[in-house]
Amino acid sequence: MQKFIVNGGTKLKGNVKISGSKNAVLPIAVAAAILGDNISVLHNVPNLTDVKTLSAVLEGLGASITRKNGSLYIEPINRMEFEAPYDLVRQMRASIYVLGPLVAKLGRAKVSFPGGCAIGPRPVDLHIRGLEKLGAQVEVKRGYIYAQAERLIGTEIDLLGQHGPSVGATANVMMAATLADGETVINGAACEPHICDLANFLNAMGANIDGIGTATLKIEGVRQLRGTEHNVISDDIEAGTFMVASAITNGDVYVEGIKPHQVTAVTKKLVASGVQLDWDDNGVRVTTPDKLNAIDVETAPFPGFPTDMQAQFMGLLSLATGTSNITENVHTDRFIHAAELNRMGADIRLEGRKAIISGVSSLSGAPVMASDLRAGAVLVIAGIAAAGETTVSRIYHIDRGYEAIEKKLKALGADIVRVNESV
Ligand code: UD1
256 MQKFIVNGGT KLKGNVKISG SKNAVLPIAV AAAILGDNIS VLHNVPNLTD
306 VKTLSAVLEG LGASITRKNG SLYIEPINRM EFEAPYDLVR QMRASIYVLG
356 PLVAKLGRAK VSFPGGCAIG PRPVDLHIRG LEKLGAQVEV KRGYIYAQAE
406 RLIGTEIDLL GQHGPSVGAT ANVMMAATLA DGETVINGAA CEPHICDLAN
456 FLNAMGANID GIGTATLKIE GVRQLRGTEH NVISDDIEAG TFMVASAITN
506 GDVYVEGIKP HQVTAVTKKL VASGVQLDWD DNGVRVTTPD KLNAIDVETA
556 PFPGFPTDMQ AQFMGLLSLA TGTSNITENV HTDRFIHAAE LNRMGADIRL
606 EGRKAIISGV SSLSGAPVMA SDLRAGAVLV IAGIAAAGET TVSRIYHIDR
656 GYEAIEKKLK ALGADIVRVN ESV
């Protein structure tokens with residue numbers, strides 16, 4: 256295992272280019288590999304462990320995937336392999352994305368039931384409900400989800416769960432419905448930018464999806480989908496993370512390759528806390544002319560404030576003047592990073608799904624541990640802002656979703672090195 260050693264106290268300065276979106280490329284690669292009849296080429300694909308894990312799942316199903324200069328060449332599955340095994344699925348929950356497409360294309364699927372993770376229980380009832388509505392017979396036994404259907408049949412489906420729309424269920428059911436017989440209407444669909452990118456990709460393959468970016472998707476089923484070429488959108492969460500990294504270090508960073516509409520909720524909260532954002536056509540310059548103000552943040556599905564930016568804001572608000580409140584409404588157990596930030600001198604108290612953050616004047620370096628992807632990211636950027644040395648262990652979480660994070664941070668002036676845990 257590896258860890259980062261960060262020597263803090265640096266103001267980040269310079270230009271950082273944002274990579275392709277992890278959460279967009281994962282379902283898009285699934286669609287290309289399972290639903291397509293011939294090769295697809297995806298550009299702007301980030302080099303991440305999650306993309307490698309998904310490629311292994313898809314190769315296990317008979318697809319052939321080659322990476323060249325930031326592009327993935329995906330030859331779709333060419334045999335009747337329909338099982339995604341536990342060993343791979345347990346490494347990445349998004350493997351569940353193969354369920355709907357496999358049933359739609361091959362008439363059956365056997366996918367390991369994904370487990371929980373450090374951000375809380377993550378059920379898949381909505382995925383299953385959607386596929387059942389499309390006429391699939393679904394059974395869960397011995398840790399696997401079995402689904403089968405001769406041909407899926409279009410219908411009206413409500414995908415709203417107790418915590419709002421589900422990104423994963425929307426992607427899964429939308430992909431399945433593209434090959435169903437007749438029209439499917441999905442109510443309560445997720446509207447995240449990566450869901451729109453997936454829908455646009457499916458339409459370029461020959462699907463017929465209407466209402467992209469709204470809560471109601473209308474999908475007219477087609478008989479087959481062809482391979483296509485696609486530029487994956489840039490990663491809104493990586494961009495938000497670097498915006499916070501600039502603000503928390505009182506730096507001056509130009510975040511390149513992001514549009515305001517991808518990060519509207521994050522932008523509003525940064526401005527409310529006193530961060531200055533100067534946008535142009537290619538990105539945004541992030542500076543902090545005055546002290547940071549305490550603010551309140553509530554996570555919600557898009558267009559609300561993303562749960563995937565909650566940890567980074569907790570780090571930022573630790574250094575704001577006054578008391579901030581963060582309410583986590585999406586993944587309700589997602590607060591493990593609070594205790595790690597407190598080890599660095601933050602003053603964060605948890606009350607159920609609320610974190611109460613009393614701003615402190617500085618953070619100090621400490622040994623801390625990443626518990627999940629975004630929790631890992633905040634510890635790294637807090638370490639850059641803190642005085643002294645921070646070691647962040649279990650950084651394999653960070654590698655799942657941030658391409659070359661230490662190279663990008665080093666280029667902005669951070670003192671960060673990757674070492675083996677035993678060093
Ligand atoms: C995706 C993102 C993840 C992000 C999350 C919310 C990917 C690969 N991951 O995860 O980074 O944090 O969206 O923006 O894109 N739920 C159910 N039943 C279900 C499915 C979900 O109750 O069948 C609940 C979840 O427990 C959670 C909420 O719905 O409380 C939203 O989850 P969902 O949008 O499905 O998250 P993921 O797709 O897993």
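Mapping of the sequence shown onto the working numbering: position 299 corresponds to residue 554, and the numbering continues sequentially without gaps.
Even for Gly, the Cβ is constructed at its ideal location relative to N, Cα and C.
These numbers were taken from a predicted model, which means no experiment stands behind them.
For residue i, is the classification buried or exposed, using 16 other Cβ atoms within 10 angstroms of its Cβ as the cut-off for buried?
i	result
S617	exposed
K360	buried
M335	exposed
Q392	exposed
T265	buried
D452	buried
E606	exposed
N679	Given a span of 256 to 678 for the chain in the structure shown, any question on residue 679 remains unanswerable.
D490	buried
G394	Looking at the sequence itself, residue 394 is Glu, so the reference to Gly does not match. When all chains shown are included, E394 counts as exposed.
M256	exposed
T645	buried
K662	exposed
Considering only the alpha carbon of each residue, which of the options lies closest to residue i?
i	options	result
V366	Y341, T425, L572	Y341
Y509	N537, D670, V487	N537
I260	I550, E658, I650, L667	I650
I408	V358, M624, E511, L309	V358
A349	A404, V518, R363, N427	N427
D292	G443, A470, Q479	Q479
Q403	S421, A364, P378	A364
H485	G263, G269, K268, A284	A284
A640	V518, L664, G482	L664
R481	T519, P331, G600, V647	P331
F497	V280, H298, A637, L457	A637
R629	I612, S648, I653	I653
S626	G668, L596, H298, Y401	L596
L457	R397, S573, P282	P282
D545	L574, Q517, W534	L574
Using DSSP with H/G/I as helix, E/B as strand and the rest coil, what is residue i?
i	result
P448	helix
G269	strand
S613	strand
M280	It should be noted that the sequence gives Val, not Met, for residue 280. In the structure shown, V280 sits in a helix (DSSP, three-state: H, G or I).
H592	helix
D436	strand
V261	strand
L327	strand
H298	strand
R348	helix
G638	helix
E661	helix
I320	strand
L605	strand
L667	coil
V652	The amino acid occupying residue 652 in the given sequence is His; Val does not appear at that position. In this structure, H652 counts as helix in the three-state DSSP scheme.
R700	The question about residue 700 has no answer, for the chain in this structure spans 256 to 678.
I488	coil
A311	helix
G339	One point to set straight first is that residue 339 is Ala, not Gly, in the sequence displayed. Strand.
M256	coil
G275	strand
M460	coil
A402	strand
Identify, in the order they occur along the chain, each residue of the same chain with its Cβ nearer than 8 Å to the Cβ of residue i, setting aside the five sequence neighbours on each side.
i	result
A527	N548, I550
T471	V440, I441, N442, A444
K524	I550, V552, F560, F568
P420	L414, G443, A444, A445, C446, A470, P556
I311	The sequence as given places Ala at residue 311; Ile does not occur at that position. Answer for A311: L343, listed in chain order.
Leaving out the 5 sequence neighbours to the left and right, which residues in its chain are closer than 6 Å to residue i when beta-carbon positions are compared?
i	result
D278	Position check: residue 278 holds Asn in this sequence, whereas Asp was assumed. Result list for N278: H449, in chain order.
F557	C446, E447
I467	C451, A454
Q539	Gln is not the amino acid found at residue 539; the sequence shown has Val there. Once the five neighbours on either side are set aside, the close Cβ partners of V539 are V510, L532.
T543	A502, N505, V530
P622	T646
Within a Cβ cutoff of 7 Å, which residues of the same chain sit near residue i, ignoring the five residues on either side of it in sequence?
i	result
G416	L381
A593	M569, I603, L605, A610
A431	G355, P356, V358, A359, L386, L389, L407
K272	E511, G512
E475	E438, N463
T522	P515, L532
Say the cut is 6 Å; is the CB of residue i nearer than that to a heavy atom of ligand 2?
i	result
G423	This structure does not include ligand 2; its bound ligands are ligand 1.
Under a CB-based cut-off of 7 Å, is residue i close to chain D?
i	result
R322	In the structure shown, chain D does not exist; there is a single protein chain.
Can you check the region 491-548 for any alpha helix (DSSP H) of at least 4 residues that lies completely inside it and give the ranges in chain order? 491-503, 519-527
Would you mind listing the alpha helix (DSSP H) stretches within the region 355-400 that are 4+ residues and don't spill past its ends, in chain order? 380-388
Quick one: which unbroken beta strand (DSSP E) runs of 3-plus residues sit fully inside the region 547-584? Chain order, please. 551-553, 578-582
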